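My numbering numbers the first residue of the sequence shown as 284 and each following residue consecutively.
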Amino acid sequence: MSNFISIKGAKTNNLKNISIKFPKHKITVVTGVSGSGKSSLVFETLAAESQRLLNETYSSYIQQLLPHYQQPTVDSIENLPVSIVISQKKIGGNARSTVGTLTDIYSSLRLLYSRMATPSIGYSMIYSFNNPQGMCETCKGLGEIKRIDINKLIDFDKSLNDGAIDFPTFQPGGWRLTRYTESGNFDNDKKLKNYTQVELDLLLNDTGSSPKKPTKNWPKTSTYIGIIPRITKSFIEKDDKNITLNYIVY
């Protein structure tokens, strides 16, 4: 029956003379408790034999360069096609890793667009989302835009001294909070809901300025930066998921 992969008498590891048929062209799930022999059956019997038989089709020289697979302990396996084994291990990567970069089809797509796109923007490297010339100017090639949910970050019913900024190191006693309480820009005991729009914009959005009347504890060479730009640069752009998860809206 060519529509089935037939395994008879599998004894790999802790398999007890298992005989089973897998239907082709269908999704089959093998389930069971830990130690029941799932991996022994699927990976170390079926997949291992498939890879071993495939390797035998190559020349002796090529076989020396390929992984070596032992013949599994099994009476017979019939109608076995070439198998593709996907590792169960977690794939390493970063925020810029995609299915395309993992499979390397990404490089082929860039080459295709560089030759066939109309209009063309240049060589294939320009079509990379990691290249400043080709990446989206808004998301910087990440494919998503992360913004801070200000209502989760800020408690407007509190002052800076009371812990209005609900974020690690920005709370009372945190060293980042001193960049605001020692700047001289704010009344540290004033509730944020009573700030003027100018004060609120300075607290949240300022992209870089020198405080006019800082306290003596203010570092002389420091530049004042608003909360949102500071968190964005220090955490979001570094893809610190553990820190920013509860404060981000996509």
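We treat Cβ as the ideally placed atom computed from N, Cα and C, and that holds for glycine.
Treat the numbers as computed from the prediction; the structure is a model and nothing was measured.
Query	Result
Please work out which residues of its chain come closer than 7 Å, Cβ to Cβ, to residue 361, disregarding the five sequence neighbours upstream and downstream, and give them in chain order.	289
Do you know whose CA, among 338, 509, 323, lies nearest residue 352's CA?	338
For the beta strand (DSSP E) that contains residue 293, what are its first and last residues?	287–293
In chain order, which alpha helix (DSSP H) runs of at least 4 residues are fully inside the stretch 465–517?	480–488, 510–514
Measure how close the beta-carbons of residue 444 and residue 472 come, nearest whole angstrom, since I'm counting them as under 8 Å.	6 Å
Exposed or buried, residue 453, counting other C-beta atoms within 10 Å across all chains shown (16 or more means buried)?	buried
Considering Cα atoms alone, identify which of 324, 305, 341, 514 is closest to residue 429.	514
With DSSP as the reference, please indicate the residues paired to residue 305 in a beta bridge.	288
For the stretch 382–458, which segments carrying the beta strand (DSSP E) assignment without a break, of at least 3 residues, lie completely within its bounds, in sequence order?	none
Could you pull the start and end residues of the alpha helix (DSSP H) that residue 345 belongs to?	343–348
Around the C-beta of residue 323, are 16 or more other C-beta atoms found within 10 angstroms, so that it is buried, or is it exposed?	buried
Under 8 Å, do residue 291 and residue 358 count as touching if we go by C-beta distance?	yes
Let me confirm a value: residue 456 is counted as buried when at least 16 other C-beta atoms fall within 10 Å, else exposed. Which label applies?	exposed
Does the separation of the CB atoms of residue 437 and residue 485 fall below 8 Å?	no
For residue 506, is the classification buried or exposed, using 16 other Cβ atoms within 10 angstroms of its Cβ as the cut-off for buried?	exposed
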